[in-house]
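Undergrad:
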Amino acid sequence: MEIYLPIADLPVNVFLILGMGLAVGFISGMFGIGGGFLMTPLLIFLGISPAVAVATVSSHIAASSCSGAISYWRRRTIDVPLAGLLLAGGIAGTASGVWLFTMLRSIGQLDITIGLSYVLLLGIVGSLMVFESVRAIVRAHQGKPVELRRPGSHTWIHGLPLKLRFKRSRIYVSAVPVLAIGYIIGFVGAVMGIGGGFLLVPMLIYLLRVPTVTVIGTSMVLTLVTMASATVMHAATNHLVDAVLALFLMVGGVTGAQFGARAGHRISGERLRLLLGLLVLAVGIRFGLDLTLPPENLFSLRPLEGG
Amino acid sequence: MIRPAPLILLAATVTAAAPPAAAERLVTSLSEHRVMVTSSFNGSEVVLFGGIERDTGVLPLRGNYDVAVTVIGPRQTVVTFRKERVLGIWVNYESRVFENAPSYLAVLTNRPLEAITGAGTLRRLQLGLDNIALPQRIDSAAADDVPGETFRKAFLKLKDEHGLYRQESNGVTFLTPALFRASIALPAEVPTGTYEIEAMLFADGMMLARTPSALEIYKAGFEQFVTSSAQNHGVLYGLATSMMAVLTGWFASVVFRRE
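These protein sequence lines map, in sequence, to chains A and B. Counting from 27, one number per residue, gives the positions in the first sequence under this note's numbering. Counting from 1171, one number per residue, gives the positions in the second sequence under this note's numbering.
1. Nearest to residue 82 of chain A by CA position, among B:1343, B:1412, B:1339, B:1340, is which residue?
2. Got a sec? Which residues, its chain only, sit under 8 Å from residue 1357 of chain B by beta carbon, not counting five neighbours each side?
3. According to DSSP, is residue 1372 of chain B part of a helix, a strand, or is it coil?
4. Is the CB of residue 1414 of chain B under 8 Å away from at least one CB in chain A?
5. I'd like the span of the alpha helix (DSSP H) that includes residue 1274 of chain B, first residue to last.
6. By Cβ distance below 6 Å, which residues in the same chain neighbour residue 1287 of chain B in space, the five residues on each side in sequence not counted?
7. Could you confirm whether any beta carbon from chain B is found closer than 8 Å to the beta carbon of residue 67 of chain A?
8. May I ask you to report which of helix, strand or coil DSSP gives residue 1339 of chain B?
9. Return the Cβ separation of residue 64 of chain A and residue 53 of chain A in integer angstroms, given the expectation that the two are a contact with Cβ distance under 8 Å.
10. So, does the segment 38–58 of chain A touch the segment 192–210 of chain A, judging by three or more C-beta pairs under 8 Å?
11. Whole angstroms are fine: how far does the CA of residue 1267 of chain B sit from the CA of residue 252 of chain A?
12. Let me know the secondary structure DSSP gives residue 203 of chain A once reduced to three states.
13. Straight-line CA distance for residue 329 of chain A to residue 88 of chain A?
14. Which residues of the segment 1340–1359 of chain B have a Cβ closer than 9 Å to any Cβ of chain A? Give them in chain order.
15. Please return the same chain residues whose Cβ sits closer than 6 Å to the Cβ of residue 1343 of chain B, not counting the five positions on each side in sequence.
16. Suppose you measure from the CA of residue 176 of chain A to the CA of residue 187 of chain A; what does that come to, to the nearest Å?
17. By the DSSP assignment, the alpha helix (DSSP H) with residue 1402 of chain B in it spans what residues?
18. Report all residues from its chain with a CB closer than 6 Å to the CB of residue 222 of chain A; omit the five preceding and five following residues, and keep chain order.
19. Going by DSSP, which residues form a beta bridge with residue 1225 of chain B?
20. To the nearest angstrom, how far is the alpha carbon of residue 1284 of chain B from that of residue 1264 of chain B?
21. Reducing DSSP to helix, strand and coil, say where residue 35 of chain A ends up.
22. Should residue 1389 of chain B be labelled buried (16 or more other beta-carbon atoms within 10 Å of its own) or exposed?
23. Under 8 Å between C-beta atoms, does residue 325 of chain A make it to chain B?
24. Near residue 1202 of chain B, which residues of its chain fall below 7 Å by C-beta distance, leaving aside the five closest residues on each side in sequence?
25. What residues are listed by DSSP as bridge partners for residue 1260 of chain B?
26. Over the uninterrupted alpha helix (DSSP H) stretch that includes residue 1200 of chain B, give me the two end residues.
27. From the DSSP output, in three-state form, read off residue 1236 of chain B for me.
28. Could you spell out where the beta strand (DSSP E) holding residue 1152 of chain B opens and where it closes?
29. How long is the line joining the alpha carbons of residue 1421 of chain B and residue 131 of chain A, rounded to whole angstroms?
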C-alpha cells in the first residue's frame, strides 16, 4: 500500500515504513536508546532528502523516548532536578543546532556535514564501546572481578564551581558540566537527527558519575524534550517535518521498542554494549564509505528556497 | 451552457493560427485539466487529443503532418552541485544556479525531432531537450548556456533519471491523418502548479500552427492541509507533531503496560 508523503513529496510503502519503525524500535528498546542514528540513514537510503529525514526523525525519537520516560517515571528512577538542568543546556544546544542546520542547508553543505559527523561520532563512540565491552567480556571469562569505579574517585570536573546536590542520583556536582553536556547533546541531535542517548548515557556515567539506576530515565527525559523542541524548531524554520511519515515511524517505533526491551533483559550488559558498539561502528563505516568512495553521480540538484 | 475553458482554447487557436499562409488550424483538448495529488497519488497520465482542421474550399487535408507537444511545469531556480575530492572525501565543490528552469519538461512527437524540421527551426522554437533555454548563473555572474556544457548535461540527466524531463519520439500517435493523441506521463514526484502545454503542427519542416493550453496539478484534501499548515503555520504544525509524538508514546506505555 503506497502513501504519498506531503512534505517529502514522494510516495512510500506504508508497510515498509511501519516495518522500519518496528525494527529500529526493537533495537532502541533493547539498548535503551532513541535509535535516531539508525532511522535517519535508513530514511536517506529510501530516497528521502537528508534534511527532511533529520527533521522528521526528531519527532519519532520524541515518541519513543516518551514511552520510555513514562515507564521510568512510574518506577521513580528519574532525577528531575538533574533532567531540568540538562534541559536548560539542551534547549540552547538544539536552537544553535537548528540554526547551523539552516545555514548549512542554504550553502549546500548540509549533506556532507551530516555524513562527516556520522563518520566521526559513530566511528569514535562505536570503537570505544566495542573496545570497552570486549575488555569486560574477556575479564569476565578470565574470572577476574569486574573493575568497579570507586564512588569517591574525583576528576577535574568535580573541581568546578557552582556545585549542586542531586538527591535522587546521590551526586554533588557543578552545574557547568551538566549544562555543557545538555548543550552538546541538543546541538548534535538537531544537526544529525539523533536523540544522542548513546552519547548521553556514557557521558553521565563517566563524567558526572550518575548511578545506573537513574541514568536511563533521566537521559530519556532530556531526549524527549530536546527532540520535541527540535521538531518545533525544524518545523518553524525549515518547514521540513513530514507529519505523515513521522506518524508511521512512531507507531512502528513505540511498538517495536516494547518487544526490544523484553529481548534486552535476556542478554548480559557487556554483550548488549558490544552489540550496540558494533552497530554504531557499522553505521559509521557505511557513512565513511559513502564519503570516500567515488560517488555514482558527481552531480546533485537542490531547489532554491522560493525560487 | 458552454464551459469557459474550451472557449478560451478556441480563441487562442484562432489567434495562434493567424498567419495567412497557413490554412491549417490545430484544436486540442486535455483528458483532464486538473490533476489532484492525494495521499494515494502515485503518478498519473493526462492525454491530449488534437485535431487538424483545414479551411473549407481550399485543398484537402495533407497526409504528412507532424506534431510536437511540449509540456512545461512550474519554473524553479535550482542549484546543481558537482562533487570533487577534497582531502580524500567527496564534497559539493562547484555549483551552478539554473534560473527559472522548468521543474517538469516533456517533449512528445510522432517521430524524431530532427526528422520533423531542421536544426535551425528547432533552436529558434527552443524545441527539444537539446534546445530548451536553461540560463545559468555562477555566483552572481551570468554564464553561457552552451548545449554540450557539463553542468547542463548533468542537470538534464538528473531530471531525466527522476522522470521529470522526457523526450519521446513516439509520444504522439496519429489516430487518423487529422486526429492525434499524446499521453503526458506525470511521475509521482511532479511538483504542483500550473503546467503550460503547447502543441505545434508541422508539415514539410514548416511550423503551420501552435495551440497553447494549460494543466493544473494541485494537492487536495489532507495532503493540501498538511502542506499548507507546514508552510504557513510552522510553529503550530511543529507543536502538533510533537504533541502527536507524546501521545503516541503515552498510548504505547498504556497499551503495553505490564501489570
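All C-beta atoms, glycine included, are put in the ideal place defined by N, C-alpha and C. Computed from a prediction, not measured in an experiment: that's the story for all the values here.
TA: Taking the structure as given:
1. Along the first sequence, one-based indexing puts residue 82 of chain A at 56. Cα-wise, what sits closest to residue 82 of chain A is B:1412.
2. Residue mapping note: residue 1357 of chain B aligns to position 187 of the second sequence, counting from 1. Excluding residues within five positions, the ones whose Cβ falls inside 8 Å are 1213, 1332, 1333, 1334.
3. What you label residue 1372 of chain B is simply residue 202 of the second sequence in a count that begins at 1. In the structure shown, residue 1372 of chain B sits in a strand (DSSP, three-state: E or B).
4. Working through the second sequence from its first residue, we reach residue 1414 of chain B at position 244. Chain A, which has a Cβ nearer than 8 Å to the Cβ of residue 1414 of chain B, makes this yes.
5. By 1-based counting over the second sequence, the position of residue 1274 of chain B is 104. For residue 1274 of chain B, there is no enclosing alpha helix (DSSP H), as DSSP marks it with neither H nor E.
6. For this step, residue 1287 of chain B is matched to residue 117 along the second sequence. If we look at residue 1287 of chain B and ignore the five residues flanking it on each side, its Cβ neighbours are 1372, 1375.
7. Along the first sequence, read from residue 1 onward, the residue named residue 67 of chain A stands at position 41. So, not an interface residue.
8. To locate residue 1339 of chain B, count along the second sequence from 1; it is residue 169. Of the three classes helix, strand and coil, the one that applies to residue 1339 of chain B here is coil, per DSSP.
9. Counting from one through the first sequence, the residue named residue 64 of chain A turns up at place 38. Counting from one through the first sequence, the residue named residue 53 of chain A turns up at place 27. Contact between residue 64 of chain A and residue 53 of chain A holds: CB atoms are separated by about 6 Å, below the 8 Å threshold.
10. The count of Cβ pairs closer than 8 Å, one atom from the segment 38–58 of chain A and one from the segment 192–210 of chain A, stays below three, leaving the stretches out of contact.
11. The residue you call residue 252 of chain A lines up with position 226 of the first sequence. The residue you call residue 1267 of chain B lines up with position 97 of the second sequence. Approximately 36 Å, taken between the alpha carbons.
12. By one-based count along the first sequence, residue 203 of chain A stands at place 177. In the three-state reduction of the DSSP assignment, residue 203 of chain A falls in the helix class, which pools H, G and I.
13. By one-based count along the first sequence, residue 329 of chain A stands at place 303. By one-based count along the first sequence, residue 88 of chain A stands at place 62. Taking the CA atoms as reference points, residue 329 of chain A sits about 29 Å from residue 88 of chain A.
14. For the segment 1340–1359 of chain B, residues whose beta-carbon sits nearer than 9 Å to a beta-carbon of chain A comprise 1358, 1359.
15. By 1-based counting over the second sequence, the position of residue 1343 of chain B is 173. If we look at residue 1343 of chain B and ignore the five residues flanking it on each side, its Cβ neighbours are 1351.
16. Locating residue 176 of chain A in the first sequence gives position 150, counting from the first residue. Locating residue 187 of chain A in the first sequence gives position 161, counting from the first residue. With a pLDDT of 49 at residue 176 of chain A, under the threshold of 50, the modelled position of this residue cannot be trusted, and the question is left open.
17. Residue mapping note: residue 1402 of chain B aligns to position 232 of the second sequence, counting from 1. First-last of the alpha helix (DSSP H) with residue 1402 of chain B: 1391–1402.
18. Mapped onto the first sequence, residue 222 of chain A falls at position 196. Taking residue 222 of chain A as the centre and dropping the five residues before and after it, the same chain places the C-beta of 211, 214, 215 closer than 6 Å to its C-beta, in chain order.
19. Taking the second sequence and counting its residues from 1, the one referred to as residue 1225 of chain B is at position 55. Its beta-bridge partners do not exist; DSSP assigns none.
20. The sequence position of residue 1284 of chain B within the second sequence is 114, counting from 1. The sequence position of residue 1264 of chain B within the second sequence is 94, counting from 1. Distance between the alpha carbons of residue 1284 of chain B and residue 1264 of chain B: 34 Å.
21. For the purposes of this step, residue 35 of chain A is identified with residue 9 of the first sequence, where counting begins at 1. Collapsing the DSSP output to three states places residue 35 of chain A in coil.
22. Taking the second sequence and counting its residues from 1, the one referred to as residue 1389 of chain B is at position 219. So residue 1389 of chain B ends up on the buried side.
23. The residue given as residue 325 of chain A occupies position 299 in the first sequence. Yes - at least one Cβ of chain B is within 8 Å of the one on residue 325 of chain A.
24. On the second sequence, residue 1202 of chain B is found 32 positions in, with the first residue counted as 1. Excluding sequence neighbours, residue 1202 of chain B sits near 1216.
25. For this step, residue 1260 of chain B is matched to residue 90 along the second sequence. Residue 1260 of chain B is bridged to B:1255.
26. Against the second sequence, residue 1200 of chain B aligns to sequence position 30. It is not in any alpha helix (DSSP H) - residue 1200 of chain B instead sits in the beta strand (DSSP E) that spans 1194–1200.
27. Here residue 1236 of chain B refers to the residue found at position 66 when the second sequence is read from its first residue. Collapsing the DSSP output to three states places residue 1236 of chain B in a strand.
28. Given that chain B is displayed from residue 1171 to residue 1429, the structure contains no residue 1152 of chain B and the question cannot be resolved.
29. Taking the second sequence and counting its residues from 1, the one referred to as residue 1421 of chain B is at position 251. Taking the first sequence and counting its residues from 1, the one referred to as residue 131 of chain A is at position 105. Cα atoms of residue 1421 of chain B and residue 131 of chain A: separation of roughly 35 Å, rounded to the nearest angstrom.
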